[in-house]
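Just below is one structure, and these are the notes that go with it.
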Amino acid sequence: ISIRPLSKKKKSKKYVTLLLTCNATGTEKLKPLFIHTYQNPRILHKKKEDLPVNYYWNSTAWMQVLIWNDYLTKLDRQMRLQGRHILLLVDNAPVHIIDENTNLTNVAVHFLPPIVMQE
1 ISIRPLSKKK KSKKYVTLLL TCNATGTEKL KPLFIHTYQN PRILHKKKED LPVNYYWNST
61 AWMQVLIWND YLTKLDRQMR LQGRHILLLV DNAPVHIIDE NTNLTNVAVH FLPPIVMQE
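According to full-length UniProt numbering, the sequence shown holds residues 1 to 119 in order.
Next up, the structure:
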């Protein structure tokens, strides 16, 4: 915390999105979803597959319906291979639409009412 006035520098326009998924007690954490603005950052040249995150990109680094559905499909496949069924609690953001072609057998998605996310 600073007691001096902030400098007049421009705010950075570099963004990332990070989606974290865990169980209710926090004892199990799934591989995070990470969205960046670069498809192939120089620093990660040919190393994205080795990252401890599911790496996606787009020009805004925001979640998009295609990314969301790809994430759900991969998560569903992972749960099917483990013989598990899970419930995801998510906010009702417009990008959390589940595409009609996305067939989830082991992942159920429950949308929280808007009032829950505001408090």
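The C-beta atom is built at its ideal place from N, Cα and C for all residues, glycine as well.
**OP:** Measure from the alpha carbon of Pro52 to the alpha carbon of each residue in Ala24, Leu19, Tyr38, Asn23, then state which is nearest.
**Re:** The residue from Ala24, Leu19, Tyr38, Asn23 with its alpha-carbon nearest to that of Pro52 is Leu19.
Out of Asn54, Gly83, Gln64, point me to the one whose CA is closest to Thr21's CA.
It is Asn54.
Check: How many angstroms separate the CA atom of Thr37 from the CA atom of His45?
Finding: Here the C-alpha atom of Thr37 lies approximately 15 Å from the C-alpha atom of His45.
Could you pull the DSSP bridge partners for Lys29 from this structure? Answer by DSSP bridge pairing, in chain order: Cys22.
* Could you pull out every residue in the same chain whose Cβ sits closer than 6 Å to the Cβ of Leu75, ignoring the five residues on either side in sequence? => Correct list, in chain order: Val107.
Exercise. Residue range of the beta strand (DSSP E) that Tyr55 falls in?
Worked result: Judged by DSSP secondary structure, Tyr55 falls within the beta strand (DSSP E) whose first and last residues are 54-57.
**OP:** Leaving out five residues on either side along the sequence, give the residues of the same chain with a beta carbon under 8 Å from the beta carbon of Pro32.
**Re:** So the qualifying residues of the chain are Leu18, Leu19, Leu20, Thr21, Pro52, Val53, Asn54.
If the criterion is Cβ atoms closer than 7 Å, does the pair Thr102 and Asn69 meet it? For Thr102 and Asn69, yes; Cβs fall inside 7 Å.
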